[in-house]
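Offset between the sequence shown (1-based) and my numbering: plus 2.
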Amino acid sequence: MQQPFPPRPLVNPAIGFILLIGFFLLGQFFGSLLGILFTLPYFSGNPMAAFQQIPQILTNDFSHPHAWEIVMIVQAFSSFGGFILAAWIYLFFIEGKTLRSINTNGKIDFIPLLLIVFLGLAFIILNEWIYQWNRNWDLPDWLSGFEDWSRSQQEKLGELTQFLTNFESLPKLIIALVVIAVLPAIGEELMFRAAMQSIFLRWFRNPHAAVWVTGAIFSFIHFQLDGFIPRLLLGVVFGYLYVWSGNIWYAIWAHFINNGVTVLGVFFNKSEKAKIDLEHTEWITWSQALIAAVICSVILWYLKRLFDQYSQPNQSLSEQYTYR
């Protein structure tokens, strides 16, 4: 197969990181702009009305009769532009990679996929308990301004999340799964694991440092102080799945399971088809969290063994350390 570009030295990691962030910001901007254009039918084709009202809707003014559809459209385009398209542009034009060549191991096996489902379910329980612990943190006085701003943003995001998951119809469930689970799973894993984590692998020459730093940035950009540690651990799990397997689709699948189970849980709880309350998790005890932690550890250990048999991802990682 002919390569998209001739072989070339990889860019300096620091420059690569700056370029990736630049592509992300541009992708978010133009993606959101395109999303706003697609919402014009809800504003009688009036662009001025759309540009005036959509910022209000995104800051939790849901008085517009089609606010749910508008937010979903803007969110979908923003996610596609800021993550999927931005990551692809960086990987293709800067590193000369295709979406296939980012996988050093092309094999996808059913057993790891199944284990990741159980891992995701157990990790949700563990992470919700960690969230309850994390939310009681108080930052030093000199960071009080950031703490107040972060908690304010988190409250607004919580209201928006409540609004977006307040549906009971099957068509809206499918839309929510695509926008809240599928697109973020693909886009954020391409951005953070396939692109950013690979940059840090070359920068630090240490896969563990790359995984943890990428996980920290992954958590930070969500601007949720109460959920920083749970999301950090989530990003670390996704990172190790990619490093161990050499295939980004395992990380994407794990990300989808995490988001998708949450959406389904909220849907079934609101529709009263089943009592699965993932919005109020104070009932999780430390003993249940400990059991979940043991289950997660065992599954991760076994996944590592399976991936070691399937591929040799460390060999490809060492190749990424070389740059000029």
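We put the CB at the ideal spot given by N, CA and C, even for glycine.
Quiz prompt | Beta-carbon proximity list for TYR242, same chain, < 7 Å, skipping 5 on both sides | solution = On the sequence shown, position 240 is the one that residue 242 refers to. Non-local beta-carbon contacts of TYR242 in its own chain, meaning distances under 7 Å to residues more than five positions away in sequence, involve VAL213 in chain order.
Practice problem: Can you have a look at ASN48 and say buried or exposed, based on whether 16 or more other CB atoms are within 10 angstroms of its CB? | Solution: Counting from 1 along the sequence shown, the entry for residue 48 is found at position 46. ASN48 should be labelled exposed.
Quiz prompt | Contact the stretch 153–161 vs the stretch 25–45: 3+ CB pairs below 8 Å | solution = These segments do not touch.
Self-check item: ASN271 to THR167 span [Cα, whole Å]
Solution: If you number the sequence shown from 1, residue 271 lands on position 269. If you number the sequence shown from 1, residue 167 lands on position 165. About 11 Å.
Quiz prompt | Other residues of its chain near VAL2: CB distance less than 8 Å, five sequence neighbours each side excluded | solution = Any property of residue 2 remains undetermined from this structure, which presents the chain solely from 3 to 326.
Quiz item: Out of curiosity, what's the CA-to-CA distance linking LEU123 and LYS109?
Solution: Within the sequence shown, numbered from 1, the residue matching residue 123 stands at position 121. Within the sequence shown, numbered from 1, the residue matching residue 109 stands at position 107. Rounded to whole angstroms, LEU123 to LYS109 spans 24 Å at the Cα level.
Quiz item: Which runs of the alpha helix (DSSP H) spanning at least 4 residues fall entirely within the stretch 44–118, listed in chain order?
Solution: Under the rule that a run must span 4 or more residues, the alpha helix (DSSP H) segments found entirely inside the stretch 44–118 read 49–60, 69–81, 88–91.
Quiz item: Quick one: Cα of PHE240 to Cα of ILE254, how far?
Solution: As a first step, residue 240 is located in the sequence shown; it is residue number 238 there, counting from the start. As a first step, residue 254 is located in the sequence shown; it is residue number 252 there, counting from the start. Using only the alpha carbons, I get a separation of about 8 Å.
Quiz item: Is DSSP giving SER34 helix, strand or coil here?
Solution: If you number the sequence shown from 1, residue 34 lands on position 32. In this structure, SER34 counts as helix in the three-state DSSP scheme.
Self-check item: ARG137: first and last residue of the uninterrupted alpha helix (DSSP H) it sits in
Solution: The count along the sequence shown starts at 1 and reaches residue 137 at position 135. Here ARG137 belongs to no alpha helix (DSSP H), and DSSP marks it neither H nor E.
Quiz item: Can you list, in chain order, the residues of its chain whose CB lies under 6 Å from that of ILE118, leaving out five sequence neighbours each side?
Solution: As a position in the sequence shown, residue 118 is number 116, starting the count at 1. Around ILE118: TRP255, ALA256.
Self-check item: Residue environment, ASN129, which counts as buried when at least 16 other CB atoms sit within 10 Å
Solution: Along the sequence shown, read from residue 1 onward, the residue named residue 129 stands at position 127. By the neighbour-count criterion, in which 16 or more other beta carbons inside 10 Å mark a residue as buried, ASN129 falls on the buried side.
Practice problem: Would you give the residue range spanned by the alpha helix (DSSP H) that PHE169 belongs to? | Solution: Residue 169 sits at position 167 when you count from the first residue of the sequence shown. Note, PHE169: premise wrong, no alpha helix (DSSP H); not H, not E.
Quiz prompt | Sequence-distant residues of the same chain with beta carbon closer than 6 Å to PRO15, five excluded per side | solution = By one-based count along the sequence shown, residue 15 stands at place 13. ILE201, ARG204, TRP205, listed in sequence order.
Exercise. For the alpha helix (DSSP H) containing ILE223, list its first residue and its last residue.
Key: Stepping through the sequence shown from its first residue, residue 223 is reached at position 221. Secondary structure note for ILE223: it is in no alpha helix (DSSP H), with a DSSP letter that is neither H nor E.
Quiz item: Three or more beta-carbon pairs under 8 Å between the stretch 242–252 and the stretch 82–93, yes or no?
Solution: Counting Cβ pairs under 8 Å, fewer than three are found: no touch.
Exercise. Use the C-beta contact count for ASN105: other C-beta atoms within 10 angstroms, 16 or more gives buried, fewer gives exposed.
Key: Along the sequence shown, read from residue 1 onward, the residue named residue 105 stands at position 103. Classified as buried, ASN105 has 16 or more neighbouring CB atoms from the shown chains inside 10 Å of its CB.
Quiz item: Could you give the distance in angstroms between the alpha-carbon of LEU159 and the alpha-carbon of PHE25?
Solution: Numbered from 1 along the sequence shown, position 157 holds the residue referred to as residue 159. Numbered from 1 along the sequence shown, position 23 holds the residue referred to as residue 25. Going by the C-alpha atoms only, they are around 24 Å apart.
Quiz item: With a Cβ-Cβ cutoff of 8 Å, do PHE194 and PHE220 count as a contact?
Solution: For the purposes of this step, residue 194 is taken as residue 192 along the sequence shown, with counting starting at 1. For the purposes of this step, residue 220 is taken as residue 218 along the sequence shown, with counting starting at 1. A Cβ-Cβ contact shorter than 8 Å links PHE194 with PHE220.
Practice problem: Thinking SER81 and PRO173 are a contact (beta carbons under 8 Å), I'd like their distance in whole angstroms, please. | Solution: As a working note, residue 81 is residue 79 in the sequence shown. As a working note, residue 173 is residue 171 in the sequence shown. So it is not a contact: roughly 20 Å between Cβ atoms.
Exercise. Run the CB neighbour count on PRO232, radius 10 Å, all protein chains shown included, and call it buried at 16 or more, exposed below.
Key: Translated into the one-based positions of the sequence shown, residue 232 becomes position 230. Counting every other CB atom within 10 Å of its CB across the protein chains shown gives PRO232 a total of 16 or more, marking it as buried.
Quiz item: Can you tell me the Cα-Cα spacing of PRO57 and TYR312, whole angstroms?
Solution: Counting from 1 along the sequence shown, the entry for residue 57 is found at position 55. Counting from 1 along the sequence shown, the entry for residue 312 is found at position 310. Distance between PRO57 and TYR312, taken at the CA atoms: about 48 Å.
Quiz item: Helix, strand or coil: which one does DSSP assign to LEU21?
Solution: Within the sequence shown, residue 21 is the residue found at index 19, counting from 1. In the structure shown, LEU21 falls within a helical segment according to DSSP collapsed to helix, strand and coil.
Exercise. Put PRO15 into one of helix, strand or coil per three-state DSSP.
Key: Numbered from 1 along the sequence shown, position 13 holds the residue referred to as residue 15. Looking at PRO15 - three-state DSSP - the assignment turns out to be helix.
Practice problem: Inspect the beta-carbon positions of ILE301 and LEU235 and report whether they are closer than 8 Å. | Solution: As a position in the sequence shown, residue 301 is number 299, starting the count at 1. As a position in the sequence shown, residue 235 is number 233, starting the count at 1. Contact check for ILE301 against LEU235 fails: the beta carbons are separated by 8 Å or more.
Quiz item: Do you know whose CA, among ALA291, ALA197, LEU192, SER34, lies nearest ILE20's CA?
Solution: Along the sequence shown, read from residue 1 onward, the residue named residue 20 stands at position 18. It is ALA197 whose Cα lies nearest to the Cα of ILE20.
Quiz item: So the alpha helix (DSSP H) ARG307 belongs to, where does it begin and stop?
Solution: Walking along the sequence shown from the start, residue 307 turns up at place 305. Looking at the DSSP string, the run of the alpha helix (DSSP H) that includes ARG307 is 288–312.
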